[in-house]
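Comments concern the structure below.
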Amino acid sequence: MKVAVVGSTGMVGQVMLKVLEERNFPITELIPVASEKSIGKKVKYKQEEFTIVSMNDAIAAKPEIAIFSAGGGTSLEFAPLFAEAGTTVIDNSSAWRMDPTKKLVVPEINADVLRKEDKIIANPNCSTIQLVMVLGPLNKKYDLKRVIVSTYQSVTGTGKAAVDQLNSEIKGEDAEKVYPYQIFKNALPHCDVFADDDYTKEEIKLMKEPKKILGDDTFNLTATAVRVPVQGGHSESVNIEFENEFDLDEVRKILSETPGVVVMDNVKNNEYPMPLYSEGKDEVFVGRIRRDLSQPKTLNLWIVADNLRKGAATNAVQIAEYLVENNLV
Ligand code: 2RA
């Protein structure tokens, strides 16, 4: 199968190549695409070097699948051109996520919505993916009423320049400022840009995308997204009020039996998820599962995942795997 990776030199693009290799995705020809300035350079895949080509050359090659992580503008311009040429696009930008004609997919939750005619498929935002991996099974059992999520997001979510800023600040060196303030020894309640009603775009994604993925807009969801000086993954503190009563042991059992979710929840042994240990892994880790003692039918828990892997590259590759396994490409 011919597969194009658009944005192949970026942080997520590089992880996409790594995940495709680790999972031995059935690629007969890899077509790496990047910005004009990178054309002709090489990327490594399965111990071989592949030459980066232009977008137009990649479209002309008619790959069966093109996995994008190149920003919303590039996706809006070129995903339709790939689709017109018969390629199925899996896009990691926010460009298509809330488009009512496009599917927004976390395979473990809603892969069954995918059809052969879906030629542009949206990969959800990283902080959304790890959240719905937990909300999905619990919604089925207990029916969500209200969700409050506070995130503690890795600088890798912003990109390489943000990682460089943090590492320079740690060393006390002058750093190119990606964030409006120092991130080292700090916490910025500011992920992406501020939009409507003084919410950031990250918070708006978190408040909208889960409802589309779960196919359920009967619950309320509010979010605060915070950037913290961490590199291994995103953490989320989640308060969930259900319509129905729940049993804590049953909650742990449901989550333990959810593919892709690992329950790490034994505080007597200081066992709980942390981004330092989620880095490089594909699972969504859940812990600190406990009742909200302030009101009935309400649960608190803590979710951690590597935002570059399950939060982006691995989820996109899992969508591609589903398409192949179900003859949708
Ligand atoms: C972030 N979720 O963490 C956004 C984009 N990756 O900045």
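Under the UniProt record's numbering, the letters of the sequence shown match residues 1 to 329, in that order.
Note that the Cβ used here is the ideal one computed from N, Cα and C, for glycine as well.
Taking the alpha carbon of residue i as the reference point, which residue from the options has its own alpha carbon closest?
i	options	result
T128	K119, V113, T151 and L138	T151
I170	V105, K177, K185 and E108	K185
L301	A316, E245, E241 and L308	E241
E36	P26, D282, E49 and N56	N56
S278	L308, E49 and P26	L308
L206	D249, T156 and G311	G311
K177	H190, A161 and D192	A161
G13	Y45, R227 and G40	Y45
R23	A316, V43 and L104	A316
P180	A95, H190 and S38	H190
V238	P124, V155, F246 and T222	T222
G215	E236, P137, D249 and K18	P137
A4	V134, K103 and P63	P63
S38	F25, I31, I52 and L30	I52
K281	M1, V19 and M11	V19
Q47	L30, G40 and A58	L30
E209	P26, N110, M16 and T87	N110
K145	D306, E243 and K102	E243
P100	I254, N167, I213 and E271	I213
R290	K42, Y272, Y322 and L81	Y272
L81	A95, I65, I59 and R97	I59
L188	I303, A195, T224 and I204	T224
V147	H234, D249, T218 and K116	T218
A95	E108, C126 and T74	T74
V230	K201, V163, G40 and S54	V163
E283	M264, D198 and F50	M264
K141	A305, D192 and I254	I254
V267	A61, L276 and V286	V286
N108	S54, Q182 and T314	Residue identity differs from the one stated: residue 108 is Glu in this sequence, not Asn. Comparing Cα-Cα distances from E108 to each of S54, Q182 and T314, the minimum goes to T314.
N125	H234, T87 and N327	H234
I121	R97, N139 and G172	R97
D306	G232, Q295, E325 and F246	G232
E325	P26, T9 and V6	P26
K2	G10, G40 and T87	T87
E250	A85, L299 and L293	L299
E203	L114, E236, V262 and Q318	E236
The ligand 2RA heavy atoms versus the CB of residue i: any closer than 6 Å?
i	result
S69	no
N125	yes
G157	yes
Q14	no
Q153	yes
Indicate the three-state DSSP secondary structure (helix, strand or coil) for residue i in the structure shown.
i	result
Q153	strand
F68	strand
G7	coil
G159	coil
I183	coil
residue 332	Outside the shown range of the chain (1 to 329) lies residue 332, about which nothing can therefore be said.
N315	helix
K37	helix
I303	strand
N110	helix
A60	helix
Y45	strand
E22	helix
L214	helix
N92	coil
I52	coil
T200	strand
N327	coil
A79	helix
residue 333	Look at the range of the chain in this structure, 1 to 329, and you will see that residue 333 is not part of it.
A175	coil
A195	coil
K103	strand
K205	helix
E321	helix
How about residue i: is its C-beta nearer than 7 Å to some C-beta of chain B?
i	result
L276	No chain B appears in this structure, which consists of one protein chain only.
Next item on the list: Say whether the region 83 to 102 touches the region 60 to 74, bearing in mind that this needs 3 or more beta-carbon pairs closer than 8 Å, one atom from each stretch.
Entry: yes
Item checked: Whole runs of the beta strand (DSSP E) within the region 222 to 298, excluding any shorter than 3 residues -> 234 to 242, 261 to 263 and 284 to 291
Item checked: Contact between the region 132 to 149 and the region 251 to 266 (3+ Cβ pairs under 8 Å) -> yes
Margin query: Restricting to runs no shorter than 4 residues, where is the alpha helix (DSSP H) found entirely within the region 125 to 154?
Written below: 126 to 142
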